[in-house]
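Participant: The structure is given below, and queries will be raised subsequently.
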Amino acid sequence: EIEVPERIRKYKEKILSTPLQTDIERMLWYTRVYKATEGQSIGSCMRAALAFRETVRNMKIRIEEEELIVGCWAGKRGAIPLAIEIFGPYHREIIMPILYRHQPEKIKEDFPDGIASLSSRCLMELATSLSDEEYKLLITEIIPYWRERSLYAILQKKFAEEGLQGEAVKLPDEFVQRYKFLWQAPYDLDFVAAVTPMQGHITIGMKKVLDLGFKGIARQAKERLDDLRKSLPEDSEELQKAKDFLEAVMVSCEAVCEFAERFAKLAEEMASQTQSEERRRELLEIAERVRRVPAEPPRSFIEAIQAIWFTQVVMAIAYGGEQIIAPGRVDQYLYPYYKQDLEKGLITPGEAIELLMEYLIKTAQDIYFGPNNITIGGVDREGNCAVNDVSYLFLEAFKRLRGCGRAGLAVRIAPNTPREFIRKAAETYRVTAGIAFYNDPVVIRGLVADGYQIEDARDYSIVGCVEPTGTGNNNGYTSGQAIRLPSIVELTLYGGRLSLLGWKQVGPKTSTEFETFEDVLQAFEKQLDFAIDLCVRKSYIKDMLIAEYFPCPLLSATIEGCIESAKDFTSGGAKYNHSNVSAQSIASVANSLAAVKWVVFDRKLVSMNELLEALKNNFEGREELRQILLKAPKYGNDDPYVDEIALWVAKLLDKKARDRRCWMGGPHRTCLISVSGSQILEGRLIGATPDGRLAHSPVSIGINPTEGTAKNGLTATLKSAALVSKANQSDGTSLTLNLNPASIKSEEGLDKLVSLIEAAFKLGLRHLQFNPISKEILLDAQKHPEKYPDLVVKVSGYSFRFVDLPKILQDEIIARLEYET
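Just add 68 to the spot in the sequence shown (first one is 1) and you have the working numbering.
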């Protein structure tokens, strides 16, 4: 047993046993402020600031009995602050169950597989989480106001006007009934490129908060406005826009300080009522701390953690919890405070670990608030090893917690990283998943290619699932849109038509008379170009509309360049600006193209027409041909025949996207990752494929091999993935492998794992993480979820409690190959 303080044990149990909740407070106050200010001569930045201020002035707050660090983004434990003004895909997943509030058991009947990332049990919890009064406000006041005003609504209208929406799809009844958990009114072009009404993920400028405090940031905004007033005419458009932004920053920062004061007063009130002298002292210390930070710079380790956490809380409220933010390089921020307190005898390593454990639990407390990736290790801005004592303390805290929902550590590895640190990180796999490794030289090269200065590139953080970005100096915008890479294969084979749409023409009409394999690749390139162009055109409109209607001045206040340029980060105010094009399933695509080359052109076992006919009929009566296709070379086995095709696809994806500029002028970065069951969704969209895959079955995830096709062991899989990583997917790649936990029980086994990680990174692999959980445990957790409340798995780039996943995703994880070291 690993030592866990009683306070932490109780806190973790409380959080894990809390049902999923829907909280309408942010939605309500944002609705009322936007409604009250509609038609007034008030800028969009100030509108957002006033809505934030009204929310933090009125929302319910709480301090848990086990807490020393305080701050909550929703009045209800187990809820997240939903940005109703965006109305993204997560809103539909969270709000839909409320319609079942009077018959929650019917959810199991209608959605036995859950929805995307949530099990039917979670949906039932959401269904019963609103009171009658809350339900009435949601249905009669909140949703009606945003029905035509949300970003989602504005986008759909604009896409239709620009001819980018296509037609609403009437899918076969049998398909909808079987897979309805995946669907809301799809349009034909969504089968090629999906642009969500989300800005994407971003890393907070946390160091600026720690250096200046929010009062200092407000002063900086005032000084900048004063300077502009000296140089610009009062009635100029440039000054008016700058004034809207900078005054909104001041209002937002002042609101943060007011919000903190509310917690100070609550702590004092609770102190006057408690019977415990020890808890009374703790509450009074909380009140003193939260009056200091984050308004002013912290003076101690515990004040620094309090400032970091409270900043995450207010950013979640201002930005919307479902859009996902990251705190950045927390070990680097905390180390000076820890070193100072340790030298003064004000803290012990054990006390620091306990505070970090509480912080980690907080980052995981609401399962739908995206991955809260905390970045540790790596190099500093000068390229020196940045691993410090707090880096090790984080690993120890994480190990002792045995994982906790969506908390995750992004562990940066560089050539000068101590092997001891890598081993300490790998050691956590003996008790939980949740750790992910990132290769500094590869990531840094990618960011430099994106236009980052070398010092800023070295200072990168991980946000969202696996996406590297600059730390507090850029607009983020990772994972905001995606192309359906597996659909490109079907478009290629059938001249731009898709099977699920009744062979409707969706992509360009390319020839299906393939005389050589080069003809196939040329058709693939044209269809890929069409998909990326569609994605980029739609995301250009989205970025423009976000800047016009839904800026975020509080988050911008922390981002380098925004106050200096007097622009919100959504308007290009950050030092670095870029967008992204996401994709996944490199194995499914490469295996399919390789199978065509192998069976049709090299071995001439079947004609192209014969192959296409078999695919159209889902191999009915052609099982022998399917078995031949399954034996064709497969990615993940260190076979250049197929791995080189995978690299070609990855490079082509990056070039086609990077050549097109985003609305703010920067490049479109690409990634190869899978999120929220997307491997299941994208598989549902297409028929059978030449790799032997049956119609509507899942496709591969990230840069993983297709399940059941990696035959040559872990080293071969790592070599294939390292080759693909030579393409510049600077927005991230995800390699998530199941690992037999017995293989790392011994010291020798753990050493082998560390050596494999080091070797793979020397070959150029960008990212690597493991699920060190046996199939037997996963199967038992399916049958007896109550026995495994803290069983954490890596779904793809992100961590999730296994028991909260829908069964269809659980099955996919269980089916993955279990590797040995």
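Backbone N, C-alpha and C define an ideal beta-carbon position, used for all residues, glycine too.
How many angstroms separate the CA atom of residue 888 from the CA atom of residue 807?
Facilitator: Taking the straight line from one Cα to the other gives about 6 Å.
Participant: Residues bridged to residue 862 by DSSP?
Facilitator: Answer is 867, bridged to residue 862.
Participant: Going by the beta-carbon positions, is the gap between residue 722 and residue 546 smaller than 7 Å?
Facilitator: No, Cβ-Cβ distance for residue 722 and residue 546 is not below 7 Å.
Participant: Who are the Cβ neighbours of residue 104 in its own chain at under 6 Å, not counting the five residues just before and after it?
Facilitator: Excluding sequence neighbours, residue 104 sits near nothing in its chain.
Participant: In three-state terms, what does DSSP make of residue 659?
Facilitator: Looking at residue 659 - three-state DSSP - the assignment turns out to be helix.
Participant: What ranges does the alpha helix (DSSP H) occupy inside the region 498-555, keeping only unbroken runs of at least 4 residues that lie completely in it?
Facilitator: Within the region 498-555, the complete alpha helix (DSSP H) runs of at least 4 residues are 508-517 and 522-526.
Participant: Can you grab the Cα-Cα spacing for the pair residue 766 / residue 567, in whole Å?
Facilitator: Residue 766 and residue 567: Cα-Cα distance of roughly 16 Å.
Participant: What number of angstroms, rounded off, separates the C-alpha of residue 495 from the C-alpha of residue 836?
Facilitator: For residue 495 and residue 836, the distance between alpha carbons rounds to 15 Å.
Participant: With DSSP collapsed to three states, give me the class of residue 81.
Facilitator: Reduced to three states, the DSSP call for residue 81 is helix.
Participant: Name the residue from 484, 267, 502 and 511 whose alpha carbon lies nearest to the alpha carbon of residue 858.
Facilitator: For the residues 484, 267, 502 and 511, the minimum Cα distance to residue 858 belongs to 502.
Participant: Inspect the beta-carbon positions of residue 443 and residue 529 and report whether they are closer than 7 Å.
Facilitator: For residue 443 and residue 529, yes; Cβs fall inside 7 Å.
Participant: Roughly how far, in whole angstroms, is the beta-carbon of residue 339 from the beta-carbon of residue 352, given that I think they are within contact range, below 8 Å?
Facilitator: Correct: roughly 5 Å between the Cβ atoms.
Participant: Indicate, with yes or no, if the ligand HEM has a heavy atom lying under 6 Å from the CB of residue 658.
Facilitator: As far as ligands go, the structure on display features none, and thus does not contain the ligand HEM.
Participant: Please classify residue 321: does DSSP put it in a helix, a strand, or coil?
Facilitator: Looking at residue 321 - three-state DSSP - the assignment turns out to be helix.
Participant: So residue 562 and residue 580 are in contact, right, with Cβ under 8 Å, and what is the actual spacing, rounded?
Facilitator: Indeed, because the Cβ distance is near 7 Å, the residues count as touching under 8 Å.
Participant: State the Cα-Cα distance for the pair residue 404 and residue 455, rounded to the nearest angstrom.
Facilitator: Residue 404 and residue 455: Cα-Cα distance of roughly 13 Å.
Participant: Which residue spans inside the region 664-752 form an unbroken alpha helix (DSSP H) run of at least 4?
Facilitator: As far as the region 664-752 is concerned, its whole alpha helix (DSSP H) runs of at least 4 residues are 676-684, 691-698, 708-726 and 746-752.
Participant: So what's residue 476 in DSSP terms, helix, strand or just coil?
Facilitator: DSSP places residue 476 in strand when its eight states are reduced to three.
Participant: Could you say which of 552, 271 and 620 lies nearest to residue 739 if we only look at CA atoms?
Facilitator: Minimum Cα distance to residue 739 is reached at 552.
Participant: Beta-carbon separation of residue 590 and residue 575 under 7 Å?
Facilitator: Contact: no.
Participant: Threshold first: 3 residues or longer. Then list the beta strand (DSSP E) segments lying entirely within the region 429-474, N to C.
Facilitator: Qualifying beta strand (DSSP E) stretches, in chain order: 440-445.
Participant: Among 342, 382, 377 and 369, whose alpha-carbon lies nearest the alpha-carbon of residue 322?
Facilitator: Here the closest residue by C-alpha is 382.
Participant: Alpha carbon to alpha carbon, how far is residue 193 from residue 187? Give it in angstroms, no decimals.
Facilitator: Cα-Cα distance, rounded: 10 Å.
Participant: What does the Cβ neighbour count give for residue 855, buried or exposed, with the cut at 16 atoms within 10 Å?
Facilitator: Answer is exposed; the Cβ neighbour count stays below 16.
Participant: Output needed for residue 686: all residues of its chain with C-beta closer than 7 Å, excluding positions within five of it in sequence on either side, in chain order.
Facilitator: 755, 756, 762 and 763.
Participant: Give the straight-line distance between the Cα atoms of residue 229 and residue 223, rounded to the nearest whole angstrom.
Facilitator: Those two C-alpha atoms are separated by around 10 Å.
Participant: With H, G and I counted as helix, E and B as strand and the rest as coil, what does DSSP make of residue 376?
Facilitator: The answer is helix: DSSP assigns residue 376 an H, G or I state.
Participant: Tell me which residues share the same chain as residue 446 and place their Cβ nearer than 6 Å to its Cβ, disregarding the 5 neighbours each side in the sequence.
Facilitator: Cβ within range, chain order: 454, 480, 482 and 508.
Participant: Please report the straight-line C-alpha distance between residue 386 and residue 728, rounded to a whole angstrom.
Facilitator: One C-alpha to the other measures close to 31 Å.
Participant: When DSSP labels each residue in this structure, what does residue 890 get in the three-state scheme?
Facilitator: The question about residue 890 has no answer, for the chain in this structure spans 69 to 889.
Participant: Give the C-beta separation of residue 166 and residue 90 to the nearest angstrom, bearing in mind that I take them to be a contact with Cβ-Cβ under 8 Å.
Facilitator: Indeed they touch by this definition, with Cβ atoms about 6 Å apart.
Participant: Would you call the region 844-855 in contact with the region 779-786, where contact means no fewer than 3 C-beta pairs closer than 8 Å?
Facilitator: No: fewer than three Cβ pairs fall under 8 Å.
Participant: Measuring CB atoms only, is the region 509-517 touching the region 609-617, in the sense that at least three cross pairs come out at less than 8 Å?
Facilitator: Contact fails: fewer than three Cβ-Cβ distances are below 8 Å.
Participant: Cβ of residue 864 within 7 Å of Cβ of residue 713?
Facilitator: No, these two residues do not count as a Cβ contact at 7 Å.
Participant: Give me, in chain order, the residues of the same chain whose beta-carbon lies closer than 7 Å to that of residue 584; leave out the 5 immediate sequence neighbours on both sides.
Facilitator: If we look at residue 584 and ignore the five residues flanking it on each side, its Cβ neighbours are 669.
Participant: Checking the sheet assignment: what are the DSSP bridge partners for residue 396?
Facilitator: DSSP, once it has assigned bridges, lists 442 as partnering residue 396.
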